[in-house]
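Scroll down for the structure; my scribbles are underneath it.
Number of protein chains: 2
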Amino acid sequence: MTISDIAKAAGVSPAVVSRVVNRDKTLRIGKETRARVQKAIDELDYAPNAAARSLRSASSGLIAMVVHDVTNPVYGEILRGAQQTAGALGKAIIVSDGSHLDDRASRLLELIGGNGVDGLILQAGGVNSDLVLARAGRKSVPTVLLQAALDTNAHLVCLPDSRATQIATDYLLSLGHTRIGCLATGRELTFTRNRERGWRQAMELAGQSVDAGSIVYGHPSIEDGRASATQLIEANPSMTALLCFNVVAAIGALQAVQDRGLRVPDDLSIVAIHDIDLADHLSVPLTTVAMPLFEMGARAVELVSDKSTGFEGTTTIDTRDPELVVRKSAAAPSR
Amino acid sequence: MTISDIAKAAGVSPAVVSRVVNRDKTLRIGKETRARVQKAIDELDYAPNAAARSLRSASSGLIAMVVHDVTNPVYGEILRGAQQTAGALGKAIIVSDGSHLDDRASRLLELIGGNGVDGLILQAGGVNSDLVLARAGRKSVPTVLLQAALDTNAHLVCLPDSRATQIATDYLLSLGHTRIGCLATGRELTFTRNRERGWRQAMELAGQSVDAGSIVYGHPSIEDGRASATQLIEANPSMTALLCFNVVAAIGALQAVQDRGLRVPDDLSIVAIHDIDLADHLSVPLTTVAMPLFEMGARAVELVSDKSTGFEGTTTIDTRDPELVVRKSAAAPSR
DNA sequence: TCCAATTGGTATAACGATTTACCAACAGGT
DNA sequence: ACCTGTTGGTAAATCGTTATACCAATTGGA
Numbered sequence: 037m038t039i040s041d042i043a044k045a046a047g048v049s050p051a052v053v054s055r056v057v058n059r060d061k062t063l064r065i066g067k068e069t070r071a072r073v074q075k076a077i078d079e080l081d082y083a084p085n086a087a088a089r090s091l092r093s094a095s096s097g098l099i100a101m102v103v104h105d106v107t108n109p110v111y112g113e114i115l116r117g118a119q120q121t122a123g124a125l126g127k128a129i130i131v132s133d134g135s136h137l138d139d140r141a142s143r144l145l146e147l148i149g150g151n152g153v154d155g156l157i158l159q160a161g162g163v164n165s166d167l168v169l170a171r172a173g174r175k176s177v178p179t180v181l182l183q184a185a186l187d188t189n190a191h192l193v194c195l196p197d198s199r200a201t202q203i204a205t206d207y208l209l210s211l212g213h214t215r216i217g218c219l220a221t222g223r224e225l226t227f228t229r230n231r232e233r234g235w236r237q238a239m240e241l242a243g244q245s246v247d248a249g250s251i252v253y254g255h256p257s258i259e260d261g262r263a264s265a266t267q268l269i270e271a272n273p274s275m276t277a278l279l280c281f282n283v284v285a286a287i288g289a290l291q292a293v294q295d296r297g298l299r300v301p302d303d304l305s306i307v308a309i310h311d312i313d314l315a316d317h318l319s320v321p322l323t324t325v326a327m328p329l330f331e332m333g334a335r336a337v338e339l340v341s342d343k344s345t346g347f348e349g350t351t352t353i354d355t356r357d358p359e360l361v362v363r364k365s366a367a368a369p370s371r
Numbered sequence: 037m038t039i040s041d042i043a044k045a046a047g048v049s050p051a052v053v054s055r056v057v058n059r060d061k062t063l064r065i066g067k068e069t070r071a072r073v074q075k076a077i078d079e080l081d082y083a084p085n086a087a088a089r090s091l092r093s094a095s096s097g098l099i100a101m102v103v104h105d106v107t108n109p110v111y112g113e114i115l116r117g118a119q120q121t122a123g124a125l126g127k128a129i130i131v132s133d134g135s136h137l138d139d140r141a142s143r144l145l146e147l148i149g150g151n152g153v154d155g156l157i158l159q160a161g162g163v164n165s166d167l168v169l170a171r172a173g174r175k176s177v178p179t180v181l182l183q184a185a186l187d188t189n190a191h192l193v194c195l196p197d198s199r200a201t202q203i204a205t206d207y208l209l210s211l212g213h214t215r216i217g218c219l220a221t222g223r224e225l226t227f228t229r230n231r232e233r234g235w236r237q238a239m240e241l242a243g244q245s246v247d248a249g250s251i252v253y254g255h256p257s258i259e260d261g262r263a264s265a266t267q268l269i270e271a272n273p274s275m276t277a278l279l280c281f282n283v284v285a286a287i288g289a290l291q292a293v294q295d296r297g298l299r300v301p302d303d304l305s306i307v308a309i310h311d312i313d314l315a316d317h318l319s320v321p322l323t324t325v326a327m328p329l330f331e332m333g334a335r336a337v338e339l340v341s342d343k344s345t346g347f348e349g350t351t352t353i354d355t356r357d358p359e360l361v362v363r364k365s366a367a368a369p370s371r
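Printed below as a string of structure tokens:
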């Protein structure tokens with residue numbers, strides 16, 4: 037079923053069919069001719085060929101989204117937001133885990149190089165994100181980075197990261213904690229630095245000092261969270277509270293505390309960044325700071341699709357301020 | 037950078053460039069000519085246009101995957117498997133949540149209709165899955181259904197569902213339980229029926245009767261699991277164990293029990309289908325039955341990409357048998 | 001009656017890559 | 001000198017859609 041088949045069936049030229057399908061406002065056409073065309077389209081179940089259309093119009097209606105780890109629930113929220121907006125804009129999303137980009141043959145790289153996607157949303161810092169980014173840059177594919185400023189002409193969309201850790205730290209301080217450790221994410225990531233800054237500022241404002249050994253950087257996974265938390269606890273026996281930059285790592289931290297026969301929050305309080313609904317059902321319900329992840333996904337798609345804005349600049353998602361969700365993992369210190 | 041630019045730069049015809057890029061074995065070419073072409077490709081950073089290539093070759097290298105809910109961790113595993121295999125086959129995956137297909141304008145529907153995807157992997161039973169399926173069928177897009185037999189010519193890939201619930205039920209029976217309820221998933225889903233069968237068979241084999249009121253059907257979400265479990269508990273006061281068809285619903289069930297001031301496993305034992313790493317960190321670590329989700333995702337991609345097999349038939353993933361993962365949510369009954 | 005305008009379309013050239021068939025030049029054998 | 005192979009490529013026709021420019025009738029007004 038090509039456009040010419042429809043044209044033949046309706047007794048018009050292919051151009052008319054195309055213009056009917058695309059709702060061309062400049063097309064002048066008789067009532068009944070239009071009806072004939074529409075009928076042919078319906079009866080023959082015509083749908084325009086995607087490749088031909090992309091070729092001609094130089095736009096595919098596809099957006100690539102590369103994230104670190106598709107199994108992290110935090111990413112699920114971002115994707116949901118992205119999907120919703122993409123749906124509204126008539127675009128589809130190609131998802132890729134950073135880890136699958138190592139093959140030279142990666143289809144995603146081919147697509148980025150060959151105009152196969154209209155835009156790229158990249159959570160930088162992943163395995164081969166530089167490779168992707170370099171390719172996108174050379175081919176000038178509109179790119180939006182999630183929470184990671186890099187030296188490239190891409191738009192950056194950020195969460196109120198330093199506010200979030202500030203709020204978390206202030207809460208712990210208000211409970212009476214003074215020795216507050218940090219279980220951070222990758223040191224090279226921009227948002228890690230922002231969150232670290234929030235924590236430091238809050239501590240400083242409260243007149244508390246922090247020493248170098250009270251922050252440790254790790255991956256946002258349960259296992260790594262557990263290992264890093266263990267290390268932190270051993271290095272800082274006097275620490276009474278722990279601020280985790282990722283909720284998944286916090287789950288590992290919870291485990292680490294329990295491994296040592298200690299209790300949360302009695303022996304150690306924990307507050308984590310990012311609220312997920314599972315947080316309420318853990319061995320100790322986690323007190324968290326909720327960030328607008330859904331909105332970030334949505335906004336990223338919006339920005340990457342918007343031809344009017346240039347691709348440099350920073351957008352901070354602040355539709356709502358980070359919000360403290362108090363559960364049971366933080367309490368007043370017992371020592 | 038089109039193929040002609042490269043051809044011009046290398047002083048050859050576009051045909052040669054194309055055949056070099058695609059490693060055409062039948063191409064006879066001089067050593068140094070090939071070098072010249074390769075140099076032009078590298079220096080000008082040429083990448084073939086995806087749309088043109090798809091148009092000519094009638095294949096996009098894209099696979100659509102539609103799932104119920106991208107935030108369910110169970111889906112994450114399936115996607116991981118799918119990604120890995122897709123990467124190896126040089127394909128990319130377009131992911132869509134069932135819920136975003138309602139807009140008429142959905143890009144995914146357009147792609148399916150217009151040869152924009154090489155195949156479709158569909159978790160049926162979702163919001164508008166029939167719509168997608170009908171479209172794919174009419175356009176004869178290779179389709180693989182996940183765990184849901186439907187009246188269409190699509191390949192079906194299944195998990196050993198009835199074995200899983202059998203194993204779970206046998207375990208509960210071996211602990212001494214006789215009144216075992218079922219928190220099932222959507223009644224219309226094939227895998228629900230298979231799991232239900234496994235449960236019934238195990239009960240029957242053990243000489244236990246089950247009455248109609250001891251099974252309830254719900255959505256795989258925490259909230260629904262909580263509501264459904266409450267209903268089930270109230271209707272069956274003598275029930276001592278609960279088999280949940282989805283681990284996320286089981287989290288809700290856990291909550292439901294605790295809401296009533298009861299304890300797991302003392303007052304009620306819970307076993308859930310699907311093992312996720314979070315299961316170990318819940319308020320009560322869940323005993324689960326692990327199924328090869330990753331393999332299912334991988335196999336689905338393989339099947340949908342394989343032109344040699346017809347698209348009818350059923351594949352059951354049994355690379356490993358369902359495996360009981362004993363944690364702390366099931367114990368001998370106290371009454 | 002004649003000159004605009006308007007109506008209702010159509011013809012054609014791209015878009016960029018692939019593939020089939022073809023061909024020129026030369027070497028080697030007899 | 002003549003035929004046969006081989007080497008090293010090339011020409012041109014698609015794939016299906018869309019945008020630009022154009023055009024033949026008809027209508028309306030003076």
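So the sequence lines, in the order shown, correspond to chains A and B. Take the position in the first sequence, starting the count at 1, then add 36; the result is the number in this note's numbering. Take the position in the second sequence, starting the count at 1, then add 36; the result is the number in this note's numbering. Just so it is clear, CB atoms sit at the ideal spot from N, CA and C, and this is done for glycine as well.
In angstroms, rounded to a whole number, what distance separates the CA positions of S165 of chain A and V193 of chain A?
-> Residue mapping note: residue 165 of chain A aligns to position 129 of the first sequence, counting from 1. Residue mapping note: residue 193 of chain A aligns to position 157 of the first sequence, counting from 1. C-alpha separation (whole angstroms): 16 Å.
Which value, in whole angstroms, describes the spacing of the CA atoms of S132 of chain B and T352 of chain B?
-> Position 96 of the second sequence, counted from the first residue, corresponds to residue 132 of chain B. Position 316 of the second sequence, counted from the first residue, corresponds to residue 352 of chain B. So the two alpha carbons sit approximately 24 Å from each other.
Return the bridge partner residues of I130 of chain B from the DSSP annotation.
-> Within the second sequence, numbered from 1, the residue matching residue 130 of chain B stands at position 94. The partner list for I130 of chain B (beta bridge, DSSP) reads A:I130 and B:A100.
DSSP three-state assignment for A308 of chain A, whether helix, strand or coil | Your numbering for residue 308 of chain A matches position 272 in the first sequence. In this structure, A308 of chain A counts as strand in the three-state DSSP scheme.
Straight-line Cα distance separating S95 of chain A from P301 of chain A = Here residue 301 of chain A is taken as the residue at index 265 of the first sequence, counted from 1. Here residue 95 of chain A is taken as the residue at index 59 of the first sequence, counted from 1. The straight-line gap separating the alpha-carbon atoms of P301 of chain A and S95 of chain A is approximately 53 Å.
Run down chain A in chain order and give the residues with a C-beta less than 8 Å from the C-beta of V106 of chain B.
-> Numbered from 1 along the second sequence, position 70 holds the residue referred to as residue 106 of chain B. In chain order: G112, L115, R116 and Q119.
Identify, in the order they occur along the chain, each residue of the same chain with its Cβ nearer than 7 Å to the Cβ of R229 of chain A, setting aside the five sequence neighbours on each side.
-> Taking the first sequence and counting its residues from 1, one reaches residue 229 of chain A at position 193. So no residue of the chain qualifies.
In chain A, what lies closer than 9 Å to Q291 of chain B by C-beta?
-> The sequence position of residue 291 of chain B within the second sequence is 255, counting from 1. Result: D316 and H317.
May I ask you to list, following chain order, the residues of the stretch 145 to 169 of chain A that have a beta carbon less than 9 Å from some beta carbon of chain B?
-> Residues passing the 9 Å Cβ filter: L145, E146, L147, I148, G149, G150, N151, G152 and V153.
Can a CB atom of chain A be found closer than 8 Å to the CB of S176 of chain B?
-> Residue mapping note: residue 176 of chain B aligns to position 140 of the second sequence, counting from 1. Not an interface residue.
Please compile the residues from chain B whose C-beta is within a distance smaller than 8 Å of the C-beta of P256 of chain A.
-> Within the first sequence, residue 256 of chain A is the residue found at index 220, counting from 1. Those within 8 Å of P256 of chain A in chain B number zero; the least Cβ separation is about 13 Å.
Closest Cβ-Cβ distance between D41 of chain A and chain B: below 8 Å?
-> Sequence index remark: in the first sequence, residue 41 of chain A carries index 5 (1-based). Closer than 8 Å: no.
Name, going along the chain, the residues of the stretch 74 to 86 of chain A whose beta-carbon falls closer than 8 Å to a beta-carbon of chain B.
-> For the stretch 74 to 86 of chain A, which is checked against every Cβ of chain B, the residues closer than 8 Å are D81, A83, P84, N85 and A86.
In three-state terms, what does DSSP make of H191 of chain B?
-> Position 155 of the second sequence holds residue 191 of chain B. If DSSP states are grouped into helix, strand and coil, H191 of chain B belongs with the strands.
Selected residue, minimal CA-CA separation from T383 of chain A, among A:A185, A:P196 and A:L158 | This structure gives no information on residue 383 of chain A, because the portion of chain A shown stretches from 37 to 371.
Can V246 of chain A and R233 of chain A be called in contact, C-beta distance under 8 Å?
-> One-based indexing of the first sequence puts residue 246 of chain A at position 210. One-based indexing of the first sequence puts residue 233 of chain A at position 197. One thing to note: V246 of chain A has its Cβ no nearer than 8 Å to the Cβ of R233 of chain A.
Assess, as a yes-or-no matter, whether the stretch 256 to 269 of chain B is touched by the stretch 204 to 211 of chain B under the definition of 3 or more beta carbon pairs within less than 8 Å.
-> Pairwise C-beta distances place the stretch 204 to 211 of chain B out of contact with the stretch 256 to 269 of chain B, as fewer than three of them are shorter than 8 Å.
If you compare alpha carbons, which of B:A86, B:R171 and B:D78 is closest to I42 of chain B?
-> Along the second sequence, read from residue 1 onward, the residue named residue 42 of chain B stands at position 6. When each option's Cα is compared against that of I42 of chain B, the closest is B:D78.
Inter-stretch contact at 8 Å, needing at least 3 Cβ pairs: the stretch 333 to 344 of chain B / the stretch 108 to 126 of chain B = Yes: the two stretches touch, three or more of their Cβ pairs being nearer than 8 Å.
Checking contacts by CB at 8 Å: is L91 of chain B closer than that to chain A?
-> Translated into the one-based positions of the second sequence, residue 91 of chain B becomes position 55. Interface annotation, L91 of chain B: in contact with chain A, CB-CB separation under 8 Å.
Under 8 Å by Cβ, that's how I've got F281 of chain B and L219 of chain B pegged, so tell me the actual separation to the nearest angstrom.
-> In the second sequence, the residue the question calls residue 281 of chain B occupies position 245. In the second sequence, the residue the question calls residue 219 of chain B occupies position 183. In this structure F281 of chain B is in contact with L219 of chain B, their Cβ atoms being roughly 7 Å apart against a cut-off of 8 Å.
Following the continuous beta strand (DSSP E) through I251 of chain A, name the residue where it begins and the one where it ends.
-> Within the first sequence, numbered from 1, the residue matching residue 251 of chain A stands at position 215. Here the beta strand (DSSP E) through I251 of chain A covers I251 to Y253.
Give a yes or no on whether 8 Å exceeds the smallest Cβ distance from K364 of chain A to chain B.
-> Residue numbering aside, residue 364 of chain A sits at position 328 when the first sequence is read from its first letter. At a cut-off of 8 Å between beta-carbon atoms, K364 of chain A makes no contact with chain B.
According to DSSP, residues forming a beta bridge with V348 of chain A | On the first sequence, residue 348 of chain A is found 312 positions in, with the first residue counted as 1. Note that residue 348 of chain A is Glu in the sequence shown, not Val. Bridge pairing for E348 of chain A: absent [DSSP].
Contact set between V131 of chain A and chain B, taken where Cβ atoms lie within less than 7 Å = The residue given as residue 131 of chain A occupies position 95 in the first sequence. Residues of chain B passing the Cβ test: I129 and V131.
Cβ distance (whole Å) where L98 of chain A is taken to contact G152 of chain A below 8 Å = One-based indexing of the first sequence puts residue 98 of chain A at position 62. One-based indexing of the first sequence puts residue 152 of chain A at position 116. The Cβ separation is near 7 Å, so the contact holds.
Residue interval of the beta strand (DSSP E) (run including I65 of chain B) | Counted from its first residue, the second sequence places residue 65 of chain B at position 29. No beta strand (DSSP E) holds I65 of chain B; DSSP gives it neither H nor E.
Cβ shell of L304 of chain B (< 8 Å), same chain only, five flanking positions each side left out = By 1-based counting over the second sequence, the position of residue 304 of chain B is 268. Exclusion of the five residues before and after L304 of chain B leaves I269, M275, T276, A277, L278, V293 and L298 as the residues of its chain whose Cβ lies within less than 8 Å of its Cβ.
Using the rule of at least 16 other Cβ atoms within 10 Å of the residue's Cβ for burial, across every protein chain shown, is E240 of chain B buried or exposed?
-> Within the second sequence, residue 240 of chain B is the residue found at index 204, counting from 1. Exposed, because fewer than 16 other Cβ atoms sit within 10 Å of the Cβ of E240 of chain B.
Rounded distance between the beta-carbons of A285 of chain A and P256 of chain A, thought under 8 Å | Working through the first sequence from its first residue, we reach residue 256 of chain A at position 220. Working through the first sequence from its first residue, we reach residue 285 of chain A at position 249. Yes, P256 of chain A and A285 of chain A are in contact; Cβ-Cβ is about 5 Å, under 8 Å.
Is it true that the stretch 42 to 58 of chain B meets the stretch 66 to 80 of chain B, where meeting means three or more beta-carbon pairs spaced less than 8 Å apart?
-> For the pair of segments examined, the stretch 42 to 58 of chain B was found to touch the stretch 66 to 80 of chain B: the number of CB pairs separated by less than 8 Å reaches three.
Please report the residue range of the beta strand (DSSP E) in which E359 of chain B lies.
-> Residue numbering aside, residue 359 of chain B sits at position 323 when the second sequence is read from its first letter. Boundaries of the beta strand (DSSP E) around E359 of chain B: E359 to V361.
So is V362 of chain A buried or exposed if we call it buried at 16+ other beta carbons inside 10 Å?
-> Mapped onto the first sequence, residue 362 of chain A falls at position 326. Of the residues assessed, V362 of chain A falls on the exposed side of the cut-off, its CB having fewer than 16 other CB atoms within 10 angstroms.
Using 8 Å as the limit for Cβ to Cβ distance, is D295 of chain B near chain A?
-> For the purposes of this step, residue 295 of chain B is taken as residue 259 along the second sequence, with counting starting at 1. Not closer than 8 Å to any Cβ of chain A, the Cβ of D295 of chain B fails to qualify, so no.
Residue range of the unbroken beta strand (DSSP E) whose run includes G261 of chain A = Within the first sequence, residue 261 of chain A is the residue found at index 225, counting from 1. Segment I258 to A271 is the alpha helix (DSSP H) holding G261 of chain A; no beta strand (DSSP E) there.
Secondary structure of T38 of chain B, DSSP reduced to three states = For the purposes of this step, residue 38 of chain B is taken as the residue at position 2 of the second sequence. Reduced to three states, the DSSP call for T38 of chain B is coil.
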